[in-house]
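Note sheet for the following structure.
Numbering (my numbering), first residue to last: 1 to 622.
Quick look at the structure:
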């Protein structure tokens, strides 16, 4: 990957961290925050969403572009969702637990809470909210975190409702699930103080650690998302959305810097060539007898081929600006945004069944010479017209350099066009929810994860590695709860970090275990109802049949402890069965016989007791 002198380039970056809170209920209703499977839905509803004007009569450009593609939005409702999610009932008051957690996070970020919290509406018409807007509110501002490259300011902390989860594309639009809609979410925005890809990653890691320190944030894929705002000198602010992994942030910033550098170089070259963008034209006749599968399919369905002459663009449309992405890919992204499958352009033709003769006829049809490029779209007439206009608009911005826009992060740390940057017109007051006066004075500052690691070593005698695993792991709140209830810390730590991992590797459905399952299993061991050796079997039974209680699983699997006389009887049987080996090896036979004894007792007896009895019996016969 190309490395740049980021100071010379004038790199400026900032983060937006979105984290779901692990509250009992949603932000504006009493529904559970538990996620459901789509097949569990109990009913469906549909919506069509359109942009509305702000109080000043303005239309948000991002919402306007979204509305150009007419789509039906289908929503899956559940017995755990209500009319608030369906936008058929006004929202309730702001959830107290969510507000408390948000204020804890504000303290960890050294932020100043506002005197009064005013809910607002943020226009969103991509279908991710049934109402066409997302409710959000400013909680605190003026914070700061430390990084190795200097402090990074934290501009604002917002508390808002999570969007509905996109589950499928349909013939007429998109299907969403309402189980996620309304889960409390904090959005943390930093100042543009970040000056390198490494600092961007470090800042995100620091904020993530502070969030997890509360013990009240959801864990797992999709529960935290990072957006990165990036610009360089003479470039433009670009918002990169939906970074799922912290490991990708630095590479994503590097690739965006490269993209902006390349686009600026292309713009300079286009300027030297006096480049221009022509008017889109219908070139369907050129391809009347084509053997290109893509174009033939469109024409047979009554479609058209539209083209635009890109004067002076020859060789530049195919220029790579990110790994495996070219200027032509940018054009294609805009065409796809308007419903087309993509574009062809002359920097890559002849190919895809398009012949050299068709390329020459295409150039002639739009009056392009050898220094020009031509882009084409084949689709139904309306889509082809919208898509080629979008390509022409994007080509116009290529003459100027880097367009301001929102981009979607790809899995390979590149990005693709998503929509224009939103403006102030998308925000307006929420009239259904009264303001809240937060009481930050009653909020205790949570213990940092770094501090927990030190405490776990000192207080519970865990080694440094295990202490760090537990503190940073998803079961940290559970660990603290069961230890407080009297469970041995080492047993609890080994269970959540080692035993569950081993069971998962053995294809046990550990994901079906609830915290209550694990807590009850550990308490059963601590109370002596189940020996240590029976814990794995108990957890396995609960994972395979989650409807069971720990007590029921103990009875079903026969995992209750056995008396000493029963242990001795089983041990004697094993020793007598291996009398010859005991006679020859004495205590040397202990290890092998111990495993046989434990197997015969099927985890019902404590290992220390079995070991003691086995030693006695071997010594009698040695």
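Cβ atoms here follow ideal geometry from the backbone N, Cα and C, with glycine treated the same way.
If you follow the beta strand (DSSP E) that residue 227 is part of, which residue opens it and which one closes it? Here the beta strand (DSSP E) through residue 227 covers 224-231.
Does residue 67 come out as helix, strand or coil in the three-state DSSP assignment? Residue placement at residue 67 cannot be trusted, given a pLDDT of 49 that sits under 50; what the coordinates show is reported in the next sentence. DSSP, read as helix, strand or coil, puts residue 67 in helix.
DSSP bridge partner residues for residue 128 (one or two, in chain order): Residue 128 is not bridged to any residue.
Under the three-state reduction of DSSP, which class applies to residue 587: helix, strand or coil? For residue 587, the three-state secondary structure derived from DSSP is helix.
Identify whether residue 9 lies in helix, strand or coil by the three-state DSSP scheme. DSSP, read as helix, strand or coil, puts residue 9 in helix.
Mark residue 229 as exposed unless 16 or more other C-beta atoms lie within 10 angstroms of its C-beta, in which case mark it buried. The residue in question, residue 229, is buried, as its Cβ has 16 or more Cβ neighbours within 10 Å.
Backbone CA spacing between residue 79 and residue 539 [nearest angstrom]: For residue 79 and residue 539, the gap between their C-alpha atoms comes out near 28 Å.
Taking C-alpha atoms, which residue in 384, 381, 345 and 242 lies nearest to residue 368? Measuring from the Cα of residue 368, the nearest candidate turns out to be 345.
Within 10 angstroms of the Cβ of residue 63, are there 16 or more other Cβ atoms? Answer buried if so, exposed if not. Because residue 63 carries a pLDDT of 47, less than 50, the predicted location of this residue cannot be relied on, and no value is offered for it.
According to DSSP, is residue 443 helix, strand or coil? In this structure, residue 443 counts as coil in the three-state DSSP scheme.
Counting Cβ pairs closer than 8 Å, one from the stretch 17-28 and one from the stretch 204-218, do we hit at least three? Contact between the stretch 17-28 and the stretch 204-218 is present, because at least three Cβ pairs lie under 8 Å.
From 421, 578, 30 and 402, residue whose alpha carbon lies closest to that of residue 233: Put simply, of 421, 578, 30 and 402 the residue whose alpha carbon is nearest the alpha carbon of residue 233 is 402.
Every unbroken beta strand (DSSP E) inside the stretch 263-344 [3 residues or more]: Taken in chain order, the unbroken stretches of beta strand (DSSP E) that lie wholly in the stretch 263-344 and span 3 residues or more are 304-311 and 320-322.
C-beta atoms of residue 73 and residue 173 nearer than 8 Å: Result yes, Cβ atoms of residue 73 and residue 173 sit closer than 8 Å.
Between the C-alpha atoms of residue 557 and residue 541, what's the straight-line distance to the nearest angstrom? Their backbone Cα atoms lie some 8 Å apart in a straight line.
Any idea if residue 279 is buried or exposed, counting beta-carbon neighbours within 10 angstroms, 16 or more meaning buried? Here residue 279 is exposed. Its C-beta has fewer than 16 other C-beta atoms within 10 Å.
Tell me, please, whether the stretch 465-482 touches the stretch 444-452 by the rule of three or more beta-carbon pairs shorter than 8 Å. The stretch 465-482, when compared against the stretch 444-452, does touch it at the 8 Å Cβ threshold.
Counted within 10 angstroms of its Cβ, other Cβ atoms place residue 95 as buried (16 or more) or exposed: Result: buried.
Go ahead and pull the three-state DSSP assignment for residue 249. Helix at residue 249.
Taking DSSP as the reference, what is the three-state secondary structure of residue 452? Here DSSP, grouped into helix, strand and coil, assigns residue 452 to helix.
If I follow the unbroken alpha helix (DSSP H) through residue 210, where does it start and stop? Residues 197-213.
Note down, in chain order, each residue of its chain lying with its Cβ closer than 6 Å to the Cβ of residue 27, except the 5 sequence neighbours on either side. Same-chain partners within the cutoff: 95, 98, 161, 182 and 184.
Taking just the CA atoms, how far does residue 469 sit from residue 454? If you take the alpha carbons of residue 454 and residue 469, they lie about 12 Å apart.
Can you give me the start and stop residues for the alpha helix (DSSP H) that residue 216 sits inside? Neither: residue 216 is in no alpha helix (DSSP H) and is coded neither H nor E.
Own chain, CB closer than 8 Å to residue 363, minus 5 neighbours either side, in chain order: Answer for residue 363: 346, 369, 372 and 374, listed in chain order.
Would you say the stretch 268-278 touches the stretch 300-315, given that touching needs at least three Cβ pairs under 8 Å? Taking 8 Å as the limit for Cβ pairs, the verdict is that the stretch 300-315 does touch the stretch 268-278.
Give me the Cα-Cα distance between residue 106 and residue 263, rounded to the nearest whole angstrom. Going from the Cα of residue 106 to the Cα of residue 263 covers about 39 Å.
Which residue's Cα is closest to the Cα of residue 395: 338, 334 and 159? Ranking 338, 334 and 159 by CA distance to the CA of residue 395 puts 334 first.
How about residue 582 and residue 613: do their beta carbons lie closer than 8 Å? No, they are not a contact pair.
Give me the Cβ distance between residue 710 and residue 384, rounded to the nearest whole Å; I'm assuming they're in contact under 8 Å. Absent from the structure is residue 710, since the part of the chain shown begins at 1 and ends at 622.
Count the other C-beta atoms from every protein chain shown that fall within 10 angstroms of the C-beta of residue 40, then say buried if there are 16 or more, exposed otherwise. With fewer than 16 other beta carbons inside 10 angstroms of its own, residue 40 counts as exposed.
C-alpha gap between residue 322 and residue 437, whole angstroms: About 47 Å.
In angstroms with no decimal places, state the Cα-to-Cα distance between residue 619 and residue 37. Cα to Cα, the separation comes out at about 59 Å.
Give the secondary structure of residue 458 by DSSP, where H, G and I count as helix, E and B as strand, and everything else as coil. DSSP, reduced to helix, strand and coil, places residue 458 within a helical segment of the structure shown.
Delimiting residues of the alpha helix (DSSP H) encompassing residue 180: In the DSSP assignment, residue 180 falls outside any alpha helix (DSSP H), carrying neither H nor E.
Pick from 342, 483, 430 and 462 that is closest to residue 417, judged by C-alpha positions: Of 342, 483, 430 and 462, the smallest CA-CA separation from residue 417 is found for 342.
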